[in-house]
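Report on the following structure.
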Amino acid sequence: MDQRFPAPEAQTLLDWYDRHARALPWRVPPEARQRGVVPDPYRVWLSEIMLQQTTVAAVKAYFEAFTQKWPDVNALAAADEADVMKAWAGLGYYSRARNLKACADTVARDHAGKFPDTEEGLVALPGIGPYTAAAIAAIAFDRPATVVDGNVERVISRIHALETPLPQAKPDIRALTAAITPETRPGDFAQAMMDLGATLCSPKRPACSLCPWQAPCRAQAAGTSETFPRKAPKAAKPTRRGMAFVAVRSDGAVLLRRRPPKGLLGGMSEPPTSTWAPDAAIDDTKEAPLDLDWKRCQTPVRHTFTHFHLEMTVWHAHAPSTMLAPEGHWWSPRHELGGEALPTVMKKAVAAGLGS
DNA sequence: TACGCGTGGCA
DNA sequence: TTGCCAAGCGT
Numbered sequence: 094m095d096q097r098f099p100a101p102e103a104q105t106l107l108d109w110y111d112r113h114a115r116a117l118p119w120r121v122p123p124e125a126r127q128r129g130v131v132p133d134p135y136r137v138w139l140s141e142i143m144l145q146q147t148t149v150a151a152v153k154a155y156f157e158a159f160t161q162k163w164p165d166v167n168a169l170a171a172a173d174e175a176d177v178m179k180a181w182a183g184l185g186y187y188s189r190a191r192n193l194k195a196c197a198d199t200v201a202r203d204h205a206g207k208f209p210d211t212e213e214g215l216v217a218l219p220g221i222g223p224y225t226a227a228a229i230a231a232i233a234f235d236r237p238a239t240v241v242d243g244n245v246e247r248v249i250s251r252i253h254a255l256e257t258p259l260p261q262a263k264p265d266i267r268a269l270t271a272a273i274t275p276e277t278r279p280g281d282f283a284q285a286m287m288d289l290g291a292t293l294c295s296p297k298r299p300a301c302s303l304c305p306w307q308a309p310c311r312a313q314a315a316g317t318s319e320t321f322p323r324k325a326p327k328a329a330k331p332t333r334r335g336m337a338f339v340a341v342r343s344d345g346a347v348l349l350r351r352r353p354p355k356g357l358l359g360g361m362s363e364p365p366t367s368t369w370a371p372d373a374a375i376d377d378t379k380e381a382p383l384d385l386d387w388k389r390c391q392t393p394v395r396h397t398f399t400h401f402h403l404e405m406t407v408w409h410a411h412a413p414s415t416m417l418a419p420e421g422h423w424w425s426p427r428h429e430l431g432g433e434a435l436p437t438v439m440k441k442a443v444a445a446g447l448g449s
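Here the first sequence is numbered in my numbering, starting from 94 and rising by one per residue.
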């Protein structure tokens, strides 16, 4: 052990957390936790699912809406899946919403509405992986689980100046995190690690001068904090092209359909679309669901998904009020359009079709 | 093991 | 404009 770098102490981070913890809607503040206030496992679980790969700023409004609509796991289990998808629309990664509902159903039916209080029990539930199981066990049940998320990976890789790139470094990071996870206040420790990563030990321009773990941090000493964690370069995103068909009935209703339950935007709603491919035709209205006088919108809708760019040509047409929706489709009245389970890209397409 | 899976904010 | 990124999971 290099004598210049003492081991990072959990207590040092907990002292910092007691002074600087972020106030979040799903969190029991450290002073209340110390007085014996315990978190609601339902709220901890819901927040953890929403926060997967998603920013706190984006989650807040959805968390408030969900807990208003469905205050506990039994209420969510009693809900229609379609309503859950509508409430999740815009948040992204829609398999999370399907798994959220499946998990609520399982907890209500098989566990009498109580979440399991161990990592093993939690990780067996839909949508709960190793990170989320550890986080719920620690935060909701104060178990000394090793909680490793993207924040922890960044903090630990900097403290130890780990040269191994992610994801190969994950086993080392897990072991190093386990070694400093305390038996007392493990839930606050996990949340403190995330707050440190989110506020001081940030990806860009970390505020090392304010960090409670400045002394043990090798990257800080070398002035290279921002270069960790090491990562393999990412592949460039290809561009796919396609079409969307926005049919508007004379009373303003718009034709929608449901996407297949799995895969991209699985289970969400959309105006009819063509298949998307790099060389797809964007002017063949024979692919449209109805035989109408289709007109092309001038500006295509651009949208970027995780692994490709989409350039979608939007076609629009007026339909007579008597026209029936094809099998599997429905006319969504204009005043209900905002409440449909439309992902953001499809909201853009509908807006383009209505605006032209 | 590696890939598929959304979105919005920011430099 | 473009790339990068944010509390990962399922297959």
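Built from N, CA and C at the ideal position, the CB exists for glycine as well. Here the structure is a predicted model, which is why all the values come from computation and not from measurement.
Supposed contact pair residue j and residue i - C-beta distance, whole angstroms, cut 8 Å
i	j	result
R136	W119	5 Å
P296	R334	Actually they are not in contact, since the Cβ atoms of P296 and R334 sit about 32 Å apart, beyond 8 Å.
T320	H402	That pair is no contact at about 28 Å.
T257	R323	7 Å
R112	I142	Contact doesn't hold; Cβ gap of about 29 Å is too wide.
G360	R350	No, G360 and R350 are not in contact; Cβ-Cβ is about 12 Å, not under 8 Å.
F208	P134	4 Å
A418	L385	With a Cβ gap of about 13 Å, A418 and L385 do not count as contacting.
A171	A254	Not really, about 51 Å apart at Cβ, beyond 8 Å.
P99	A308	6 Å
Residue from the options with nearest C-alpha to residue i
i	options	result
R236	T257, I249, I142, G214	G214
T274	L106, D111, L447, M439	L106
L139	A233, R115, E404, A100	A233
T317	A329, R298, E212, L303	R298
T226	G206, C196, I249, L255	Looking at the sequence shown, residue 226 is not Thr but Ala. Closest by alpha carbon: C196.
T415	V407, W424, W408	W424
C390	E256, S188, K441	K441
W408	G448, L430, F208	G448
V152	K355, G185, N167, M336	G185
I229	A262, G280, K179, G431	G280
G446	V394, P426, E404	V394
P426	G356, H400, D210, S343	S343
A175	P419, N167, K327, Y187	Y187
V121	A217, A231, A171, N192	A231
H400	L417, R352, W369, A329	A329
A444	T392, A418, G421, T148	T392
A150	K379, E404, A291	A291
Q161	Q146, K379, V177, A254	V177
T459	K379, A254, A154, W369	The structure shown does not extend to residue 459, since the chain is modelled only from 94 to 449, so the question has no answer here.
E102	C310, A168, L259, S302	C310
M287	L259, T147, A125, V245	V245
P164	D210, D376, G206, P264	G206
P326	D108, Q146, L259, L430	L259
Q146	M405, G243, Q261, M439	G243
T148	P264, M405, P354, G183	G183
D376	M405, Y155, G356, P354	M405
Sheet register partners of residue i (DSSP bridge)
i	result
E404	R334, R395
R351	S362
V51	With the chain running from 94 to 449 in the structure shown, residue 51 is simply not present.
A370	R334
W306	Answer is none; W306 lacks a bridge partner.
W423	L349
R389	W408
L259	K324
Test item: CB-CB of residue i and residue j under 8 Å
i	j	result
L358	P436	yes
W387	A410	yes
P123	A116	no
A381	P365	yes
V241	T270	yes
A285	Y110	yes
S362	A315	no
A340	L383	yes
I249	I266	yes
K179	G432	yes
N192	P219	yes
T289	A300	Looking at the sequence itself, residue 289 is Leu, so the reference to Thr does not match. It is not a contact, given that the beta carbons lie outside the stated cut-off.
Cβ-heavy atom distance, residue i to the ligand FAD, below 7 Å
i	result
L447	Inclusion of the ligand FAD in the displayed structure is not the case, the ligand content being empty and no account of it being possible.
Next item on the list: Tell me, please, whether the region 125–133 touches the region 193–201 by the rule of three or more beta-carbon pairs shorter than 8 Å.
Entry: no
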